[in-house]
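Trainee: The structure is given below, and queries will be raised subsequently.
There are 2 protein chains.
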Amino acid sequence: MSDKTEINNTYIEEVQALIENKESSELINIIARLHIADIAEIIENLSVKHAKYFYNLIANEEDSATVLIELEDDTRENLLENLSAKEIAAEVIENLATDDAADIIGELAEDKKEEVMSHIEDIEHASDISDLLCFAEDTAGGLMAKELIKVNKDWNTVQCLKEMRKQADHVKTVYTIYVVDDDDKLLGLMSLRRLLLTERTTEVKNIMFTDIISVKATENNEDVANIMQKYDLVVLPVVDDLGRLLGRITVDDVMDVAKEEAEKDYQMASGISEDVESSDSVWELTRARLPWLLIGMLGGLFGAKVIGIFDLERNFELACFIPLIAAMGGNVGIQSAAIVVQGLSNDSLKIGSVFRQLIKELGVGLLNGMICSLIILAAAFGLGYSIGLSITVSISLLAVIVFAALFGTFIPLTLKKYNIDPALATGPFITTINDVLGLFIYFWIGQAIL
Amino acid sequence: MSDKTEINNTYIEEVQALIENKESSELINIIARLHIADIAEIIENLSVKHAKYFYNLIANEEDSATVLIELEDDTRENLLENLSAKEIAAEVIENLATDDAADIIGELAEDKKEEVMSHIEDIEHASDISDLLCFAEDTAGGLMAKELIKVNKDWNTVQCLKEMRKQADHVKTVYTIYVVDDDDKLLGLMSLRRLLLTERTTEVKNIMFTDIISVKATENNEDVANIMQKYDLVVLPVVDDLGRLLGRITVDDVMDVAKEEAEKDYQMASGISEDVESSDSVWELTRARLPWLLIGMLGGLFGAKVIGIFDLERNFELACFIPLIAAMGGNVGIQSAAIVVQGLSNDSLKIGSVFRQLIKELGVGLLNGMICSLIILAAAFGLGYSIGLSITVSISLLAVIVFAALFGTFIPLTLKKYNIDPALATGPFITTINDVLGLFIYFWIGQAIL
């Protein structure tokens, strides 16, 4: 493991050339100089065949197991497919912390899962992993690791240090020491620093901090991320319903959750339905994007029907402002929905304040709507369109903006109420509804005025 | 400081009622039971007058200083405006770590800044803060704190422990111990655990880890966030150009950066130009949204011009599919731009691979375009539109999707190349361009065919 390296295109091309020429000794030297995260980044940028060759050159078993954790799901799957259950157990699982091990086993096919479990030699490790596999992936239990250092409240600091030496083998990074009673109930915590700076015969219960924040194992992982972020926690203990200590979640696991969540919301808003990256294949990218495009098309066909209902032939000049009305409805709807989705996801918007938020959006919609409709009135008339058409566009725009703002607020709040991901309401979905609704308002007003 | 509390609307209304009845002793009890982060959340949800009353009831000076850090900028400004420079120095700054203190002073007006600095009694604290104020807010130097524990490479563990006791007063959480040489150059680090478990006469240089990741003070804060996330770091040392240890950045500071960045990208994509939250005022929300709406309107006016150029009166049925063409161009453009923006922001897309990414988007565009254009051909003809119109819509749709995909990829990559935030290219901007372009393609093909 080493310092960070800048992995750019040139670097990857050099590695590719070395792989093609089978310069394994040179590659082994490179790997020895690289940090695990950089090895993973290089593998992500190689073809499957090259990736396998490169991966097999990692000499240290612990390193090659850890690299797997840093990879995307599909890359990991490719690298694991050639390994037997026994190899996975001995070379990968035994070298990983319980949370990472459980993640990897959880991804395997059901029959392979059991086979791998049966090959883990360290019985305690196997039982810990099997405990973790019981929790749903998106809960605190699914995030936590079993590795932690715990001491009994009645011990003194000397006993603590002794016990810690015993436990510390399994625990890579000690953030904090948990204090439990005889029933394993979590009572408090103690920092290493405190242990280091206190007299050796003091009992733990006298020096522990008792104001602790913990979560239940069933807590949703987004809530866990919000709690760790809000209270600035580096590590968070997980307890069962009786308050007994089960495991701990570290901030690095949660950073990924928070980031994935934000990226997912963003992708939803942009009309991308699966978690994709620019490095994914053309087919994956197409598949992730097609569903929203089909929704957009359906909306477009509805739009065509709406236009068809009205007598466009007599008022064909109305057609000129179709794009403007449709676009503005979509834009305003997306803005409103984005504010709601973001407020819900970072917990700053409380569910139950639906009515208050709608009133506020009504205000924003009216204000934006009036400004825009006045500008468009002047602009359209100034550009030489008839006064009738200019007034039609202006009034319609106000109505469309207000409706779109209310719709964009109401739909995600309603989805959330029924436990559906509110981010669904952003992006093409809301745009499409507002497009159709906007056209209807526009033509209806147009026919009344013109 | 205490356990976490669920702050919901009912809770806030109860607090409001207590404030209005001036039940200060009851409120003081409540505050004593609350975690700092929860006190801050309550204050964010109160009116300015109520917030000031509530804030002044926080008995512990260290707590009231820390609450300020957790607040939004404008709330903090409101609470600080009544305090004199001397009060800010004595009650707030003296109770905060250097990084937080520097953030607060950095937000003050220029003349107040100097006055507050002159009132800080702890000379060392003042000089540390003044060092930090030299760094730009969005760099590693602007994020770091000066508080850290460092030991000399030649000391043994006994000397280390002695020195740590001296330094530990200033450092709230000890994540790691930095090892430096006589010139303060960062050589390695040591965990408390290692110090705890090693024999007392061993020299530090023999037990330190030397594979360390550090950043320069001038490094951009988004890069710092990416580095900490990639290498799973809880704390990251900051050095100057000569490798001398300047400070440390902890993961909680960086989590905010990563989150703000993701939220900013999302807001940009949704057409919101300032950092707003659902709790902001109607006017703030309006102002943040208006600029993009104006861009959308401008696009709409261009669209009207494009439609006006063509002889719509003769082919008025073309108007029916204007919404479909415009919407699809917008949707595809947003999808493509989102993938590029996200790839750039999490560093998975390398700049320099523009050409490769464009080729890939061409593939995705062609694939999506062909699927959509075949469906629309069948659907339009099936719904009774003329074969000419159906073919026009189908061919235009293919062209629009391919163009929008290329545009959506090209524009953010180009912006990034010139160091402009690529997120600008998502949302209303790209939609508007694609709307106009799409209409042009559509009518041009329509006139050729019909």
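Keeping their order, the protein sequence lines are chains A and B.
Take 4 as the starting number for the first sequence in the working numbering and just add one per residue.
Take 4 as the starting number for the second sequence in the working numbering and just add one per residue.
For each residue, glycine too, the CB sits at the ideal point set by N, CA and C.
#1: For A/S397, which residues of its own chain have a beta-carbon under 6 Å away from its beta-carbon, when the five flanking residues on both sides are left out?
#2: Is A/E23 buried or exposed, if buried means 16 or more other CB atoms sit within 10 Å of its CB?
#3: Answer yes or no: does any C-beta atom of chain A fall closer than 9 Å to that of B/M258?
#4: Using the C-alpha atoms, what's the distance from A/S133 back to B/T13?
#5: So, helix, strand or coil for A/L99, using DSSP?
#6: Establish whether the CB of A/V343 and some CB of chain B are separated by less than 9 Å.
#7: Distance check for B/L416 and B/I423, CA to CA, integer angstroms please.
#8: So who's on the other strand from A/A148, going by DSSP bridges?
#9: To the nearest angstrom, how far is the alpha carbon of A/E316 from that of B/D76?
#10: A/G274 and B/I337 look like a contact to me (Cβ under 8 Å); what is the Cβ gap, rounded to whole Å?
#11: Could you give the residue range of the alpha helix (DSSP H) that holds B/L231?
#12: Return the CA-CA distance between A/L136 and B/A407, expressed in angstroms with no decimal places.
#13: With 16 other CB atoms within 10 Å as the buried threshold, where does B/R196 fall?
#14: With distance defined between alpha-carbon atoms, name the residue in A/I39, A/A272, A/E44 nearest to A/D64.
#15: Going by CA-CA distance only, name the one from A/A307, A/V335, A/T179 that's closest to A/G411.
#16: Starting from the beta carbon of B/W158, find every residue of chain A whose beta carbon is closer than 8 Å, and list them in chain order.
#17: Which residues of chain B have a Cβ atom closer than 7 Å to the Cβ of A/I394, listed in chain order?
#18: Are the CB atoms of A/G311 and B/C323 within a distance shorter than 9 Å?
#19: Identify which residue in B/I123, B/I72, B/A105, B/E110 has its Cα closest to the Cα of B/E97.
#20: Evaluate contact between the stretch 140 to 151 of chain B and the stretch 252 to 270 of chain B, counting only Cβ atoms and requiring at least three cross-stretch pairs below 8 Å.
#21: Consult DSSP for B/F138 and reduce its assignment to one of helix, strand or coil.
#22: Near B/Q232, which residues of its chain fall below 7 Å by C-beta distance, leaving aside the five closest residues on each side in sequence?
#23: Please return the same chain residues whose Cβ sits closer than 6 Å to the Cβ of B/T395, not counting the five positions on each side in sequence.
#24: Look at the Cβ atom of B/Q193, then the Cβ atom of B/T429, and state whether they are nearer than 9 Å.
#25: Can you tell me whether B/K156 is helix, strand or coil according to DSSP?
#26: Whose C-beta lies closer than 6 Å to the C-beta of A/A143 among residues of the same chain, with five residues either side of it excluded?
#27: Helix, strand or coil: which one does DSSP assign to A/M4?
#28: Less than 9 Å between the C-beta atoms of A/V177 and A/V154, yes or no?
#29: Starting from the beta carbon of A/I91, find every residue of chain B whose beta carbon is closer than 8 Å, and list them in chain order.
#30: How about A/A43 and A/E90: do their beta carbons lie closer than 9 Å?
#31: Taking a cut of 8 Å between CB atoms, which residues from the stretch 261 to 283 of chain B lie near chain A?
#32: Rounded to a whole number of angstroms, what is the C-alpha to C-alpha distance between A/P326 and B/I390?
#33: In chain A, what lies closer than 7 Å to B/H38 by C-beta?
#34: Would you say A/K156 and A/D186 are within 9 Å of each other, going by their C-beta atoms?
#35: Please list the residues of the stretch 168 to 198 of chain B that have a C-beta atom closer than 7 Å to any C-beta atom in chain A, keeping them in chain order.
#36: Using a beta-carbon distance cut-off of less than 7 Å, what residues from the stretch 301 to 325 of chain B approach chain A?
Mentor: Taking the coordinates as given:
#1: To locate residue 397 of chain A, count along the first sequence from 1; it is residue 394. Excluding sequence neighbours, A/S397 sits near S376, I379, L380.
#2: Within the first sequence, the letter at position 20 stands for residue 23 of chain A. Exposed.
#3: Start at 1 with the first residue of the second sequence, and residue 258 of chain B comes out as number 255. So, interface residue.
#4: Reading the second sequence from its first residue, position 10 is the one you call residue 13 of chain B. Reading the first sequence from its first residue, position 130 is the one you call residue 133 of chain A. Roughly 41 Å separates the two Cα atoms.
#5: On the first sequence, position 96 is the one that residue 99 of chain A refers to. Coil at A/L99, not helix or strand.
#6: Counting from 1 along the first sequence, the entry for residue 343 of chain A is found at position 340. So, interface residue.
#7: Taking the second sequence and counting its residues from 1, one reaches residue 423 of chain B at position 420. Taking the second sequence and counting its residues from 1, one reaches residue 416 of chain B at position 413. Using only the alpha carbons, I get a separation of about 10 Å.
#8: Taking the first sequence and counting its residues from 1, one reaches residue 148 of chain A at position 145. Answer by DSSP bridge pairing, in chain order: A/R251.
#9: The residue given as residue 316 of chain A occupies position 313 in the first sequence. The residue given as residue 76 of chain B occupies position 73 in the second sequence. Straight-line Cα distance between these residues: approximately 56 Å.
#10: Along the first sequence, one-based indexing puts residue 274 of chain A at 271. Along the second sequence, one-based indexing puts residue 337 of chain B at 334. Confirmed, about 6 Å.
#11: What you label residue 231 of chain B is simply residue 228 of the second sequence in a count that begins at 1. It is Met, not Leu, that sits at residue 231 of chain B in the sequence shown. Looking at the DSSP string, the run of the alpha helix (DSSP H) that includes B/M231 is 224 to 233.
#12: Within the first sequence, numbered from 1, the residue matching residue 136 of chain A stands at position 133. Within the second sequence, numbered from 1, the residue matching residue 407 of chain B stands at position 404. Rounded to whole angstroms, A/L136 to B/A407 spans 45 Å at the Cα level.
#13: The sequence position of residue 196 of chain B within the second sequence is 193, counting from 1. It counts as buried.
#14: Within the first sequence, numbered from 1, the residue matching residue 64 of chain A stands at position 61. The sequence shown places Glu at residue 64 of chain A, not Asp. Closest option to A/E64, Cα to Cα, is A/I39.
#15: The count along the first sequence starts at 1 and reaches residue 411 of chain A at position 408. Of the candidates A/A307, A/V335, A/T179, the one whose C-alpha sits nearest the C-alpha of A/G411 is A/V335.
#16: To locate residue 158 of chain B, count along the second sequence from 1; it is residue 155. Simply none; closest approach about 15 Å.
#17: The count along the first sequence starts at 1 and reaches residue 394 of chain A at position 391. None at all; the shortest Cβ gap to chain B is about 15 Å.
#18: Position 320 of the second sequence, counted from the start, is the residue given in the question as residue 323 of chain B. Position 308 of the first sequence, counted from the start, is the residue given in the question as residue 311 of chain A. Contact: yes.
#19: By one-based count along the second sequence, residue 97 of chain B stands at place 94. If we check each option's Cα against that of B/E97, B/I123 comes out closest.
#20: yes
#21: For the purposes of this step, residue 138 of chain B is taken as the residue at position 135 of the second sequence. Looking at B/F138 - three-state DSSP - the assignment turns out to be coil, as it is neither helix nor strand.
#22: For this step, residue 232 of chain B is matched to residue 229 along the second sequence. Cβ within range, chain order: A261.
#23: Taking the first residue of the second sequence as position 1, residue 395 of chain B is located at position 392. Around B/T395: I448, G449, I452.
#24: Here the question's residue 193 of chain B lines up with position 190 in the second sequence. Here the question's residue 429 of chain B lines up with position 426 in the second sequence. It is worth fixing the name first, because residue 193 of chain B is Met in this sequence and not Gln. It is not a contact, given that the beta carbons lie outside the stated cut-off.
#25: Counting from one through the second sequence, the residue named residue 156 of chain B turns up at place 153. The answer is coil: DSSP assigns B/K156 none of H, G, I, E or B.
#26: Residue numbering aside, residue 143 of chain A sits at position 140 when the first sequence is read from its first letter. Around A/A143: V218, A220, E222, V227, V241.
#27: Residue 4 of chain A sits at position 1 when you count from the first residue of the first sequence. Because A/M4 sits at a pLDDT of 38, beneath the cut-off of 50, its placement in the model cannot be relied upon, and the following sentence gives the value as read from the coordinates. Three-state result, A/M4: coil.
#28: Residue 177 of chain A sits at position 174 when you count from the first residue of the first sequence. Residue 154 of chain A sits at position 151 when you count from the first residue of the first sequence. Cβ atoms of A/V177 and A/V154: not closer than 9 Å.
#29: What you label residue 91 of chain A is simply residue 88 of the first sequence in a count that begins at 1. Residues of chain B passing the Cβ test: none, with the nearest at roughly 23 Å.
#30: Start at 1 with the first residue of the first sequence, and residue 43 of chain A comes out as number 40. Start at 1 with the first residue of the first sequence, and residue 90 of chain A comes out as number 87. No, the pair does not count as a contact, with Cβ atoms beyond the cut-off.
#31: A261, K262, A265, E266, D268, Y269, Q270, A272, S273, G274, I275, V279, E280, S281, S282
#32: The residue you call residue 326 of chain A lines up with position 323 of the first sequence. The residue you call residue 390 of chain B lines up with position 387 of the second sequence. About 24 Å.
#33: As a first step, residue 38 of chain B must be located in the second sequence, where it is residue number 35. The answer, in chain order, is Y234.
#34: Position 153 of the first sequence holds residue 156 of chain A. Position 183 of the first sequence holds residue 186 of chain A. No, these two residues do not count as a Cβ contact at 9 Å.
#35: R168, A171, V177, L195, R196
#36: G302, G303, L304, G306, A307, I310, G311, L315, E316, F319, A322, C323, F324, I325
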